[in-house]
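Peer 1: Let me give you the structure first, and then I'll get to my questions.
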Amino acid sequence: MDFTLSPQLQEFQLQLRDFLREHVYPIEKHFDETRFRELLPDLEKARARVKERGWWAPALPKELGGMGLSLLDFATVSEELGRSPLGHYVFNCQAPDISTMELLHVHATAEQKERYLQPLAQGEIRSCFGMTEPDYPGSNPVWMGTVARRDGDDYVLNGRKWFCSSADGATFSLVMAQTDPEGADVHKRASLFLVPTDTPGWRLVRNLPVMGLAGQDWPSHAEIALEDCRVPATSMLAGLGQGFALAQQRLGPGRIHHTMRWIGIAERAFELSCQRAVFRQLSPGKTLADESTVQHWVADMRADIESARLLVMRTAWRLEHLGSKEAALDVSLIKFSTAAMLGRVLDRAVQIHGGLGLLDDLPLAFWYRHERGARIYDGTDEVHRASAGRRILKSWK
Ligand SMILES: Cc1cc2nc3c(=O)[nH]c(=O)nc-3n(C[C@H](O)[C@H](O)[C@H](O)COP(=O)(O)OP(=O)(O)OC[C@H]3O[C@@H](n4cnc5c(N)ncnc54)[C@H](O)[C@@H]3O)c2cc1C
């Protein structure tokens with residue numbers, strides 16, 4: 003495997019780094035998820051600049067107005083954009099919309115594409131994804147309480163979802179619901195529905211206070227009630243009983259996007275730490291960088307980031323060339339190991355900054371809070387470790 007970046011990608015990487023410094027870092031005025039709305043005018047200007055340069059939606063195919071990058075190339079782009087909490091949003095490749103677009107591109111009807119996919123691809127609307135429930139374990143997604151009952155040409159959905167990221171202000175949701183709760187094959191009990199959020203019976207109960215902050219708009223995580231929520235049968239994506247398979251399909255490349263974004267976060271934390279270490283004087287003429295403890299931390303951070311990147315690139319390569327089945331073990335390995343790397347790097351970065359590391363003046367505290375979730379969303383550490391361990395030991399039996 004050769005991970006040398008093509009000359010074009012190397013150039014693009016540097017252009018992205020400059021673009022972020024010039025047009026995105028200045029918008030990082032505050033890291034308070036409740037004030038995202040205040041940033042929107044500046045974010046829209048930055049998005050217009052991205053479109054002008056032809057960099058819009060790098061992961062989307064060209065026919066949807068994207069750049070049509072391969073998974074491996076987008077991995078590098080995702081890392082660059084991850085250096086800012088706003089990077090992916092500005093380029094319209096933010097979760098959860100990016101995975102929703104990939105799914106709709108393959109499975110939506112022509113009408114759904116025109117009504118939902120096109121405006122999503124243009125950045126005119128947002129979406130959310132509802133699988134996890136308060137009363138059932140997200141770690142076992144074949145077991146859930148939300149039910150979709152067939153009624154003539156419609157389905158009627160009832161149940162409760164939570165942790166629906168970006169639900170506040172979303173135009174539509176993808177909702178997993180059981181269509182055959184007693185079915186013998188547990189993986190075929192649920193189906194996936196496209197439900198507009200203005201459908202009667204779709205109700206945002208509250209924005210969840212995650213790590214002390216109930217975000218709004220895109221940085222929200224909401225609890226949703228579905229109360230006799232009626233949708234036409236044509237809202238079902240990819241046919242009866244395909245919910246679980248679609249959710250898995252959605253998560254595979256999504257884990258490459260997330261883990262490379264985390265590496266971008268780690269790189270920015272590393273940069274900030276090195277800048278701080280050489281700048282902060284402990285006594286006249288002596289800086290933090292002169293302390294061997296700090297030197298060791300910086301070396302550990304570098305080794306952590308470099309090895310995580312190699313493992314993620316290798317996984318992206320295997321996914322792209324061998325398919326999701328062959329790469330399943332690799333995907334599990336990067337999910338928990340990159341999340342752990344991110345936690346270690348952010349913790350050291352906060353420590354190097356001292357009190358400043360805890361202030362929302364820098365993105366570090368925001369990431370330290372927010373990315374604790376990296377060990378939980380898209381499959382918890384324990385679920386991925388167990389799955390990886392099972393696969394490894396199977397070959398030894
Ligand atoms: C920031 C954030 C954003 C999210 N966004 C979305 C979203 O947009 N849409 C959506 O549907 N969901 C979303 N989620 C939900 C997420 O997918 C679930 O939280 C996750 O799957 C875990 O499910 P749970 O919270 O129900 O925990 P549970 O399943 O109740 O698990 C609780 C604990 O038990 C442990 N555990 C579970 N199984 C095992 C096992 N076999 N062995 C050992 N330990 C085990 C887990 O590791 C976990 O720590 C989000 C979560 C977060 C934190």
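The opening residue of the sequence shown carries number 3 in my numbering; numbering runs sequentially from there. Ideal Cβ placement from N, Cα and C applies to all residues, glycine included.
Report yes if the C-beta distance between V92 and R49 is below 7 Å; otherwise report no.
Peer 2: yes
Peer 1: For V333, does the count of other Cβ atoms within 10 angstroms reach 16, so buried, or fall short, so exposed?
Peer 2: buried
Peer 1: Mapping the DSSP letters down to three states, classify I378 as helix, strand or coil.
Peer 2: The three-state reading of DSSP puts I378 in coil, since its state is none of H, G, I, E or B.
Peer 1: Please return the same chain residues whose Cβ sits closer than 6 Å to the Cβ of A291, not counting the five positions on each side in sequence.
Peer 2: A279 and V280
Peer 1: Out of curiosity, what's the CA-to-CA distance linking Q283 and D363?
Peer 2: Roughly 20 Å between the two C-alpha positions.
Peer 1: Residue range of the beta strand (DSSP E) that Y157 falls in?
Peer 2: D156 to S167
Peer 1: DSSP state of P202, grouped into three classes?
Peer 2: coil
Peer 1: Measuring straight from C-alpha to C-alpha, what distance separates A172 and W398?
Peer 2: 47 Å
Peer 1: For L83 and V296, I'd like the C-alpha separation in whole angstroms.
Peer 2: 27 Å
Peer 1: Please indicate yes or no: does the CB of E384 lie closer than 6 Å to some heavy atom of ligand 1?
Peer 2: yes
Peer 1: What distance in whole Å lies between the Cβ atoms of L7 and Q15, which are believed to be in contact at a cut-off of 8 Å?
Peer 2: The distance from the Cβ of Q15 to that of L7 is about 7 Å, consistent with a contact at the 8 Å cut-off.
Peer 1: So the alpha helix (DSSP H) M343 belongs to, where does it begin and stop?
Peer 2: Where M343 is concerned, the enclosing alpha helix (DSSP H) starts and stops at A330 to H355.
Peer 1: Evaluate contact between the region 312-327 and the region 350-369, counting only Cβ atoms and requiring at least three cross-stretch pairs below 8 Å.
Peer 2: no
Peer 1: Between A388 and ligand 1, is the CB less than 6 Å from at least one heavy atom?
Peer 2: At a threshold of 6 Å, A388 counts as near ligand 1, since its beta carbon sits closer than that to one of the ligand's heavy atoms.
Peer 1: Is Q180 helix, strand or coil by DSSP?
Peer 2: Three-state result, Q180: strand.
Peer 1: Is G185 helix, strand or coil when you go by DSSP?
Peer 2: coil
Peer 1: State the start and end residues of the unbroken beta strand (DSSP E) segment that holds E322.
Peer 2: First-last for E322: S294 to L324, but that is the alpha helix (DSSP H), not the beta strand (DSSP E).
Peer 1: Give me the residue from L253, L119 and F246 with the minimum Cα distance to G67.
Peer 2: L119
Peer 1: Around the Cβ of I394, are there at least 16 other Cβ atoms within 10 angstroms (buried) or fewer (exposed)?
Peer 2: exposed
Peer 1: Using a 10 Å radius around the Cβ and a threshold of 16 neighbouring Cβ atoms, would you call R23 buried or exposed?
Peer 2: exposed
Peer 1: Exposed or buried, which one is M69 when buried takes at least 16 other CB atoms within 10 Å?
Peer 2: buried
Peer 1: With H, G and I counted as helix, E and B as strand and the rest as coil, what does DSSP make of G132?
Peer 2: In the three-state DSSP reduction, G132 falls in the strand class (E or B).
Peer 1: In the DSSP assignment, find the unbroken alpha helix (DSSP H) run with L253 in it and report its ends.
Peer 2: For L253, the uninterrupted alpha helix (DSSP H) segment begins and ends at G245 to F281.
Peer 1: With R232 as the anchor, note down where its beta strand (DSSP E) starts and where it stops.
Peer 2: For R232, the enclosing beta strand (DSSP E) has its first and last residue at H223 to P234.
Peer 1: CB V197 to CB V177, shorter than 7 Å?
Peer 2: yes
Peer 1: Grouping DSSP H, G and I as helix and E and B as strand, with all else coil, what is M103?
Peer 2: helix
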